[in-house]
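Have a look at the structure below, then the notes.
Residue numbers (our numbering): 16 to 202.
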């Protein structure tokens, strides 16, 4: 009889690596102001065997998309990644202002510092198996953890795309390049 619990314990321990193929750390969401309907979620994500971040969802938003911001010539453009975000095996991928991020659209309510936003991420491994990851991300005040260039560019792009003014997005002064980038955003 003492062998059965040991076998069961060994089976559970052996299956743990298969259950945790993807890890998420340093998750946070940028706070909003009244009437703002969009913001970004940011984190580090690592897939042991590699794969693709396929989708994200949140009860805080009507629509959630995986986005990237990238330079095209001298213009910063933001766009959705409908096929997801590639996750190289064993390497952390940073979702951060000015780069890859999860876009929360049609927010149900303003998000203020100290709030928590629940996210559900779906990752497909290279073997095609899907993994669902629950994340609870704290909301940080506007401007926190925001680099001057990357944060202003993302805020300008979000403002143009989602109808908020630069001030409502947490920008005090946008550089002309950031404003031009916002005007050329393609969804």
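From the three backbone atoms N, C-alpha and C, an ideal C-beta is built for every residue, glycine too.
Keep in mind it's a predicted model, so treat the numbers as computed, not measured.
Note to self: Rounding to the nearest angstrom, what Cα-Cα distance links residue 41 and residue 89 in this structure?
What the structure shows: Across the structure, residue 41 and residue 89 are spaced so that their CA atoms are roughly 30 Å apart.
Margin query: So for residue 152, helix, strand or coil by DSSP?
Written below: In the structure shown, the three-state DSSP call for residue 152 is strand.
Next item on the list: Within its chain, find whatever has a CB closer than 6 Å to the CB of residue 38; leave out the 5 residues flanking it on each side and keep chain order.
Entry: Counting only Cβ-Cβ distances below 6 Å, and skipping sequence neighbours, we find 61.
Next item on the list: Under 8 Å by Cβ, that's how I've got residue 75 and residue 119 pegged, so tell me the actual separation to the nearest angstrom.
Entry: Right, the Cβ-Cβ distance comes to about 6 Å (below 8 Å), so this counts as a contact.
Notebook entry, point to check: Below 7 Å between beta carbons: does that hold for residue 219 and residue 126?
Noted result: Past the boundaries of the shown model lies residue 219; the chain is included only from 16 to 202, so the question cannot be answered.
Next item on the list: Within the same chain, show all residues whose beta-carbon is closer than 6 Å to that of residue 108, passing over the 5 residues directly before and after it, in chain order.
Entry: Cβ-Cβ distances below 6 Å link residue 108 to 60, 102 in the same chain, with the five nearest sequence neighbours on each side left out; the list follows chain order.
Notebook entry, point to check: With distances taken from CA atoms, which of 138, 53, 44 is nearest residue 78?
Noted result: It is 53.
Check: Expressed to the nearest angstrom, what Euclidean distance is found between the alpha-carbon atoms of residue 92 and residue 85?
Finding: The straight-line gap from Cα to Cα measures roughly 6 Å.
Next item on the list: Could you tell me the distance, in whole angstroms, from the CA atom of residue 155 to the CA atom of residue 132?
Entry: Their Cα atoms are separated by approximately 11 Å.
Next item on the list: Given a cut-off of 7 Å, decide if residue 68 and residue 99 are closer than it, judged by their beta-carbon atoms.
Entry: Contact check for residue 99 against residue 68 passes: the beta carbons are separated by less than 7 Å.
Check: Is the distance from the Cβ of residue 66 to the Cβ of residue 138 below 7 Å?
Finding: Yes, the Cβ-Cβ distance between residue 66 and residue 138 is below 7 Å.
Notebook entry, point to check: Quick one: what does DSSP say residue 50 is sitting in, helix, strand or coil?
Noted result: Residue 50: coil per DSSP, three-state reduction.
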